[in-house]
Amino acid sequence: MNVLRFRTAASMIVLVVLALSLTFSTEVRAEAQAVDPAATEILKRMSDYLGSLKQFSVHTQNTVEDSLDSGHRIDLDVSAGVTLSRPNKLRSERKGDLVDQVFYYDGKTLTLYNPSNNVYATEPAPGTFEEMFQYLYETLGFGLPISDLVYPDSFPLLMQDVTFATVIGKSNINGVKCDHLIFSRPGVDFQVWVTEGSKPLPLKYVVTDTAISGRLSISTIMSDWNVKPAAKDAQFTFVPPKGAQQINFMPF
Amino acid sequence: MKTILKISAIAITLILMLIADIPIMLIDKMPILSVELTSEAHAVLGVRRRTRRRTAVVVGSTTAAATASAEASQQQAAPPPQQAAPAPQQAATTQATSGVAVGTVVPALPAGCKAVTVGDTQYQDCGGSFYKTAFQGNNLVYVVVESPI
Chain A
579 MNVLRFRTAA
589 SMIVLVVLAL
599 SLTFSTEVRA
609 EAQAVDPAAT
619 EILKRMSDYL
629 GSLKQFSVHT
639 QNTVEDSLDS
649 GHRIDLDVSA
659 GVTLSRPNKL
669 RSERKGDLVD
679 QVFYYDGKTL
689 TLYNPSNNVY
699 ATEPAPGTFE
709 EMFQYLYETL
719 GFGLPISDLV
729 YPDSFPLLMQ
739 DVTFATVIGK
749 SNINGVKCDH
759 LIFSRPGVDF
769 QVWVTEGSKP
779 LPLKYVVTDT
789 AISGRLSIST
799 IMSDWNVKPA
809 AKDAQFTFVP
819 PKGAQQINFM
829 PF
Chain B
54 MKTILKISAI
64 AITLILMLIA
74 DIPIMLIDKM
84 PILSVELTSE
94 AHAVLGVRRR
104 TRRRTAVVVG
114 STTAAATASA
124 EASQQQAAPP
134 PQQAAPAPQQ
144 AATTQATSGV
154 AVGTVVPALP
164 AGCKAVTVGD
174 TQYQDCGGSF
184 YKTAFQGNNL
194 VYVVVESPI
């Protein structure tokens with residue numbers, strides 16, 4: 579009798595364990611099949627188009643979600659213009675914002691300049707956007723708007739570890755008709771709104787951290803796209819104005 | 054009997070393997086609650102957790118004038134986590150003459166500072182405590198340094 583009860587209990591446990599592992603594996607399989615080629619095709623077109631542009635400039639309105647110690651969620655806003663010249667020149671400006679700030683990158687050095695305080699910090703910089711963004715983010719401790727999208731070939735980087743992708747539908751950003759896409763990989767979801775037609779430009783980009791219960795996002799709305807800004811090399815190189823004081827970046 | 058033992062041993066092992074996963078999930082979530090980290094996600098570069106203190110500096114800089122002195126005194130009482138970093142100027146726990154710990158980072162200067170230039174470097178002399186301007190990330194901050202004079 580006892581033996582029988584043991585046997586029943588043991589087989590029950592085995593069944594439960596098997597059932598659990600089965601649920602896990604079906605979930606994994608469901609995710610693997612959930613990458614909609616229609617979504618990746620639009621993302622690829624956008625990435626190819628952005629990569630084909632020798633220069634562009636765009637205005638970005640960035641919102642960083644944060645939460646207060648009290649638990650209330652707040653938005654921190656930064657408005658910035660970005661001008662880019664391939665292969666490795668970039669300038670970003672925060673003007674008429676709370677902070678006047680200009681970032682310069684000319685492929686050799688990067689500089690952060692605060693005109694209102696007339697202070698700047700300069701560092702030798704890696705020669706490619708990829709390495710420069712990584713250096714900014716990991717060593718100096720800040721990022722630039724839309725850095726995710728400006729890599730010469732952003733598609734494989736964006737698609738890395740993506741387990742879910744779909745087209746949500748049509749949407750309208752600042753009067754322009756867009757395709758609204760969502761992509762997901764462990765820890766990060768991102769949504770992108772891409773204009774229809776022959777110039778598939780991103781108009782909105784939202785990245786959400788899904789690894790925390792609060793699920794905070796950074797979102798960017800892009801406007802005033804100029805795909806032929808005729809930017810000169812001098813725009814990307816910082817020349818210290820008279821009386822400007824050089825300061826350092828603190829170790830991050 | 055042996056079969057039963059075998060079956061239960063396998064079952065228990067499987068259960069233990071499942072349970073072993075749970076603490077890892079908990080450990081993942083715990084620092085977020087206790088250390089109060091907030092995140093900054095990039096699709097390509099990944100997610101970085103910032104400390105609340107760092108965020109406070111960001112928020113502080115927007116309301117710098119109003120919160121500067123409060124922030125400064127707060128940070129005197131509780132040194133910010135940056136001080137723990139083994140950066141050369143922060144490693145020393147020496148106190149500046151006025152008592153503000155060397156390495157203290159504030160988003161705005163206290164009232165009544167005078168600019169002093171020593172060599173090529175500009176300092177702010179705030180009642181005997183010397184501050185050097187620096188970028189922390191892309192935020193302008195002031196770091197207490199040893200007296201340059």
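Each protein sequence line maps, in turn, to chains A and B. Note that the first sequence covers residues 579 to 830 in the numbering used here. Note that the second sequence covers residues 54 to 202 in the numbering used here. Yeah, the Cβ is synthetic: ideal placement off N, Cα and C, and Gly gets one too. These numbers were taken from a predicted model, which means no experiment stands behind them.
- Three or more beta-carbon pairs drawn from the segment 718-735 of chain A and the segment 779-794 of chain A are found closer than 8 Å, and the two stretches are therefore classed as touching.
- Counting only residues of its own chain and dropping the five nearest sequence neighbours on each side, methionine 710(A) has a CB closer than 7 Å to the CB of Tyr683, Leu688, Ala703 and Pro704.
- Taken through DSSP and simplified to helix, strand or coil, glutamate 199(B) comes out as coil.
- Using a Cβ distance threshold of 7 Å, alanine 617(A) and valine 740(A) do not count as a contacting pair.
- Counting only Cβ-Cβ distances below 8 Å, threonine 186(B) has contacts in chain A at Asn695, Val697, Gln823 and Ile825, in chain order.
- In the DSSP assignment, glycine 629(A) falls within the unbroken alpha helix (DSSP H) covering 615-630.
- Going by DSSP, glutamine 189(B) is part of no alpha helix (DSSP H) but of the beta strand (DSSP E) stretching over 182-189.
- Taking 7 Å as the cut-off, the Cβ atoms of threonine 773(A) and asparagine 640(A) do not count as close.
- Approximately 6 Å separates the beta-carbon atoms of alanine 96(B) and valine 766(A); this is inside 8 Å, confirming the contact.
- Across the set Lys667(A), Ala699(A) and Phe681(A), the C-alpha of Lys667(A) shows the shortest separation from the C-alpha of glutamate 708(A).
- Of the residues assessed, glycine 152(B) falls on the exposed side of the cut-off, its CB having fewer than 16 other CB atoms within 10 angstroms.
- Between alanine 612(A) and phenylalanine 742(A), the CB-CB gap stays under 7 Å.
- Contact annotation, asparagine 192(B) with proline 163(B): C-beta distance approximately 18 Å; criterion of less than 8 Å not satisfied.
- In this structure, lysine 185(B) places its C-beta atom within 7 Å of the C-beta atom of tyrosine 176(B).
- Residue-level contact check: glycine 629(A) does not touch chain B, since none of the beta carbons of chain B fall below 7 Å from its beta carbon.
- A residue is called buried once 16 or more other Cβ atoms fall within 10 Å of its Cβ, and asparagine 692(A) is buried on that count.
- Under DSSP, the beta-bridge partners assigned to threonine 638(A) are Ala658(A) and Met800(A).
- For serine 732(A), the uninterrupted alpha helix (DSSP H) run begins and ends at 732-737, by DSSP.
- In the displayed model, tyrosine 715(A) falls within a helix according to three-state DSSP.
- When secondary structure is reduced to three states using DSSP, aspartate 811(A) falls in the helix class.
- Apart from sequence neighbours up to five positions away, the residues of its chain that approach leucine 718(A) with a beta-carbon distance below 8 Å are Glu701, Phe827 and Phe830, ordered along the chain.
- Rounded to whole angstroms, the separation of the alpha carbons of alanine 699(A) and aspartate 811(A) is 20 Å.
- Short of 7 Å from the beta carbon of tyrosine 715(A), and not among the five residues preceding or following it, lie these beta carbons of its own chain, in chain order: Gly721.
- Among the CB atoms of chain A, one or more fall inside 7 Å of the CB of alanine 96(B).
- Assignment of beta-bridge partners to lysine 59(B) by DSSP yields no partner.
- In chain B, no part has a C-beta under 7 Å from the C-beta of methionine 800(A); the shortest such distance is about 15 Å.
- The segment 723-797 of chain A contains, as complete alpha helix (DSSP H) runs of 4+ residues, the segments 732-737 (chain order).
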